[in-house]
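Sequence lines, in order, name chains A and B.
All letters in the first sequence, in the order written, are residues 1 to 298 by our numbering.
All letters in the second sequence, in the order written, are residues 1001 to 1298 by our numbering.
By construction, the Cβ of each residue, glycine as well, lies at the ideal position given by its N, Cα and C atoms.
If you're wondering where the values come from, they're calculated on a predicted model, not measured in any experiment.
To keep things clear, I will list the structure first and then write my remarks on it.
Protein chains: 2
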Amino acid sequence: MPALVECVPNISEGRRAEVISKVAAAVTAVPGVRLLDQTSDADHNRSVFTFAGEPGPVVAAAHAVVEVSLREIDMRTHRGEHPRLGAVDVVPFVPIAGISMPECVKIARDFGWQVAEKHGVPVYFYAEAALRPERRKLGDIRNNVQYEGLADAMATTHVPDAGPTKFPERAGGIVVGARPFLIAFNIELDTEDLALAKRIAKEIRESSGGLPAVQALGFALTDPPRVQVSMNLLDFRVTPLTTVWAEVEKRAHAAGVKVLRGELIGLVPLDAALQVSAASLRLDGFDRTRVIEARFLE
Amino acid sequence: MPALVECVPNISEGRRAEVISKVAAAVTAVPGVRLLDQTSDADHNRSVFTFAGEPGPVVAAAHAVVEVSLREIDMRTHRGEHPRLGAVDVVPFVPIAGISMPECVKIARDFGWQVAEKHGVPVYFYAEAALRPERRKLGDIRNNVQYEGLADAMATTHVPDAGPTKFPERAGGIVVGARPFLIAFNIELDTEDLALAKRIAKEIRESSGGLPAVQALGFALTDPPRVQVSMNLLDFRVTPLTTVWAEVEKRAHAAGVKVLRGELIGLVPLDAALQVSAASLRLDGFDRTRVIEARFLE
């Protein structure tokens, strides 16, 4: 299995279709890179591109995203509801298979240093690639300062990890990092009891003492009226899908409520799916080497 | 996803390592074909090669297996415990992904006709590729006649589906067919009660009115002493792994016995593994299109 990395750049353009298309085309033009998803939001004025491939092609595609975005987006006139520091707001690299987190951190840092040098934009490293503890969380770097406050903050709280000391008004700043794959997973309960969904969510989420690397909220659904425990698994190797399923099911059953179905948002790594197969059938050592198709990825 | 076909030729040579190596090398020499498994048994004097790829390369590799085997194996001097009709005994083609059973039947028949013509050996089509109802089961074609009886039987019960009317003494006959992927799956129970394993096996196997396309037997294990329900899933799209797991677990629990673990023998198609993930998390429409790595098979 060759190393497979995902990259999920968020750019500050969600309205001009021709610009969004140019960015997507720059990604798909790189041989070996697959554009897995692309979503744009006009209110946020923001687009998210998800692509994957071996590290070399993925880094080349990430550079192409930066080049097209910095050429097409002028932050001096950008308006949108979503917090952002610059034209290319966030660039996370995510290990999918055959590559470690430290290797992805190196990819992220090399990429950030190259972008800073080539384009003269301030780069901040976050998540696993953070160089300072206070920059591990994206929100802590971005949300209180934003593009409008970055010029002033660059001399104080926001000295760049790489790049110029002078604020580039057109481009703004870029946050670059490496993080585990995030799985968005919802479980629907056969009840309208929102308090139950909220209680289960609270009990299983890490922030209130539950499962590590799990975020969870309870939501009401309409048509039909039901409730859902909506989760982010921040690292499925730490807390697998089957663990959150079992914990939610146990609590629902204790309340006399049936679990109706699960819902996975977007794509998942093969390892996350096989982890479920292995746990459900209690298989020892079941992994991608036991899957016929995986042999054709070698 | 390109069409992916598996081919599992069984040849009548399990002792001469140099011959077995030549056959394996003939398979791996075909670009696009992966040799997934290779097992030889000296007592049976038989080897099984499992390889997969797109139909063109797989058929080319199957022809190469026939050529090398007919050159190297002389059935006039062959001795072995396993029933067989000829030097290349059985050649099944198995749809793995992106190809239908009727397409695999056509591949098997074209292959059989070509082999009959090229090498002058009698070919019998079995399983889904059978041309006569009494030739659907491999055992019915082979076991009572075998190589030693085929010369006589060719004029009566064993008129070939393709090939000569004269028996080729050196090569013998070949059985060619198409069948679904077979999953060998065992479930270990936390008991020494062999009668329980045998009863569960009997209840779930198709032959005694249980689950369709399931064969099952109860076995005793040693070290530690336990019992196992040993199954063949003849078509996991008809009866999935999660169904046999649930049926065995239900019966074990009713007898107050814990299910310890499952064991998958060999490789499985991606669809069989994802079927387990989808059932376990009650996901609607979860399939290979939702797996990142599967995008790189396109």
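Length of the line joining the Cα atoms of residue i and residue j
{"i": "A/Lys250", "j": "B/Ala1273", "result": "25 angstroms"}
{"i": "B/Glu1203", "j": "B/Glu1192", "result": "19 angstroms"}
{"i": "A/Arg34", "j": "B/Gln1038", "result": "34 angstroms"}
{"i": "A/Val268", "j": "B/Val1291", "result": "5 angstroms"}
{"i": "B/Ala1151", "j": "B/Leu1070", "result": "17 angstroms"}
{"i": "A/Val30", "j": "A/Trp113", "result": "21 angstroms"}
{"i": "B/Glu1006", "j": "B/Leu1297", "result": "16 angstroms"}
{"i": "A/Tyr126", "j": "A/Ala178", "result": "7 angstroms"}
{"i": "B/Met1065", "j": "B/Ala1130", "result": "Sequence inspection shows Val at residue 1065 of chain B; the Met mentioned does not correspond to that position. For B/Val1065 and B/Ala1130, the distance between alpha carbons rounds to 22 angstroms."}
{"i": "B/Gly1172", "j": "B/Tyr1147", "result": "6 angstroms"}
{"i": "A/Thr242", "j": "B/Thr1243", "result": "18 angstroms"}
{"i": "B/Ala1026", "j": "B/Pro1164", "result": "26 angstroms"}
{"i": "B/Lys1198", "j": "B/Ala1255", "result": "13 angstroms"}
{"i": "B/Gln1215", "j": "B/Ser1208", "result": "10 angstroms"}
{"i": "B/Pro1224", "j": "B/Val1259", "result": "15 angstroms"}
{"i": "A/Gly335", "j": "A/Arg76", "result": "It is not possible to answer for residue 335 of chain A, since the shown part of chain A is limited to 1 through 298."}
{"i": "A/Pro160", "j": "B/Pro1095", "result": "55 angstroms"}
Contact list for residue i against chain B, beta-carbon separation under 8 angstroms
{"i": "A/Val268", "result": "Arg1290, Val1291 and Ile1292"}
{"i": "A/Thr263", "result": "Just to set this straight, residue 263 of chain A is Glu in the shown sequence, not Thr. In chain order: Leu1283 and Asp1284."}
{"i": "A/Ser21", "result": "Here the premise fails: no neighbours, minimum Cβ distance about 20 angstroms."}
{"i": "A/Trp245", "result": "Ser1280 and Leu1281"}
{"i": "A/Leu274", "result": "Ala1273 and Ser1277"}
As assigned by DSSP and simplified to three states, the class of residue i
{"i": "B/Ser1069", "result": "helix"}
{"i": "B/Arg1016", "result": "coil"}
{"i": "B/Asp1041", "result": "strand"}
{"i": "A/Arg199", "result": "helix"}
{"i": "A/Ala216", "result": "strand"}
{"i": "A/Ala255", "result": "coil"}
{"i": "A/Ala29", "result": "coil"}
{"i": "A/Arg205", "result": "coil"}
{"i": "A/Ala184", "result": "strand"}
{"i": "B/Leu1270", "result": "helix"}
{"i": "A/Leu297", "result": "helix"}
{"i": "A/Glu192", "result": "coil"}
{"i": "B/Gly1238", "result": "One point to set straight first is that residue 1238 of chain B is Val, not Gly, in the sequence displayed. The answer is coil: DSSP assigns B/Val1238 none of H, G, I, E or B."}
{"i": "A/Val105", "result": "helix"}
{"i": "B/Arg1261", "result": "strand"}
{"i": "B/Arg1282", "result": "coil"}
{"i": "A/Val229", "result": "strand"}
{"i": "B/Val1276", "result": "helix"}
{"i": "B/Pro1008", "result": "One point to set straight first is that residue 1008 of chain B is Val, not Pro, in the sequence displayed. B/Val1008: coil per DSSP, three-state reduction."}
Neighbourhood of residue i by C-beta, 8 angstroms cutoff - its chain only, sequence neighbours within 5 removed
{"i": "A/Asn45", "result": "Ser12, Glu13, Gly14, Arg15, His78, Arg79, Gly80, Glu81 and His82"}
{"i": "A/Val145", "result": "Leu85, Ala153, Thr157 and His158"}
{"i": "B/Leu1138", "result": "Val1090, Tyr1126, Ala1127, Val1175 and Gly1177"}
Residues near residue i by beta carbon distance below 6 angstroms, same chain, minus five either side
{"i": "A/Val238", "result": "Pro212 and Ala213"}
{"i": "A/Ala162", "result": "Gly112, Trp113, Ala116 and Val123"}
{"i": "A/Phe236", "result": "Ile183 and Ala272"}
{"i": "B/Asn1186", "result": "Gln1228, Ser1230 and Glu1263"}
{"i": "A/Asp284", "result": "none"}
{"i": "A/Pro92", "result": "Val8, Gly177 and Arg179"}
{"i": "A/Gly210", "result": "Glu203 and Ile204"}
{"i": "A/Gln275", "result": "Pro240"}
{"i": "A/Ala252", "result": "Leu189 and Val259"}
Chain A contact residues for residue i, given Cβ-Cβ distances below 8 angstroms
{"i": "B/Glu1006", "result": "Ile292"}
Same chain, Cβ closer than 7 angstroms to residue i, five either side skipped, listed in chain order
{"i": "B/Asn1143", "result": "Pro1083"}
{"i": "A/Leu36", "result": "Thr50, Phe51, Ala52 and Leu267"}
{"i": "A/Asp74", "result": "Arg170"}
{"i": "A/Ile20", "result": "Glu13, Ser40 and Ser47"}
{"i": "A/Leu194", "result": "Gly218, Ala220 and Val227"}
{"i": "A/Ala3", "result": "Glu54, Pro55, Gly98 and Ile99"}
{"i": "A/Ala42", "result": "Gly14 and Arg15"}
{"i": "B/Lys1140", "result": "The question names Lys, but residue 1140 of chain B in the sequence shown is Asp. Only Glu1134 meet the Cβ criterion."}
Contact set between residue i and chain B, taken where Cβ atoms lie within less than 7 angstroms
{"i": "A/Ala52", "result": "Ile1292"}
Closer than 7 angstroms at the beta carbon, the chain A residues around residue i
{"i": "B/Phe1296", "result": "Arg34 and Leu297"}
Within chain A, partners of residue i - CB distance below 9 angstroms
{"i": "B/Ala1096", "result": "Per the sequence shown, the amino acid found at residue 1096 of chain B is Ile instead of Ala. Per Cβ cutoff of 9 angstroms: Ile292 and Glu293."}
Amino acids of chain B, ordered along the chain, whose beta-carbon sits closer than 9 angstroms to that of residue i
{"i": "A/Leu241", "result": "Ser1277, Ser1280 and Leu1281"}
Closer than 7 angstroms: residue i CB and nearest the ligand MN heavy atom
{"i": "A/Val66", "result": "This structure does not include the ligand MN; it has no bound ligands of any sort."}
Margin query: My parser needs the alpha helix (DSSP H) runs of 4 or more residues fully inside the segment 1043-1103 of chain B; what are they?
Written below: Correct list: 1055-1072.
Next item on the list: Counting only runs of 3+ residues fully inside the segment 1108-1180 of chain B, write out the beta strand (DSSP E) ranges in chain order.
Entry: 1123-1127 and 1174-1178
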